[in-house]
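Residue numbers (full-length UniProt numbering): 1 to 94.
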């Protein structure tokens, strides 16, 4: 039994664009030392350091996710072009 897998290019690219937009909308404000006022405790310094690390990890995650979406988008474009060239060369797939 033959089966045909169809790529719904517009749907997939729409989802990828939505994911990219959602990743861009995620914002975690960076902590500031000014918000702590005169507190000069080791705990405060460690907390600020860890909060900065969390913000940095989030930015790296967003960058990685966005790059993966771009790569997937490029792969899907390639698959569509490949399918179109096969279809035009040999006629419609049944």
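For each residue, glycine too, the CB sits at the ideal point set by N, CA and C.
Since the structure is predicted, the reported quantities are computational estimates derived from the model, not experimental observations.
Cβ atoms of residue 48 and residue 31: under 7 Å apart, would you say?
yes
Measuring straight from C-alpha to C-alpha, what distance separates residue 52 and residue 59?
11 Å
Taking the alpha-carbon of residue 25 as reference, which of 45, 3, 66 has the nearest alpha-carbon?
66
Give me, in chain order, the residues of the same chain whose beta-carbon lies closer than 8 Å to that of residue 76; leave out the 5 immediate sequence neighbours on both sides.
7, 9, 12, 13, 16
Could you say which of 33, 46, 40, 19 lies nearest to residue 63 if we only look at CA atoms?
19
If you follow the alpha helix (DSSP H) that residue 95 is in, where does it begin and where does it stop?
In the structure as shown, the chain begins at 1 and stops at 94. Residue 95 is therefore absent and cannot be evaluated.
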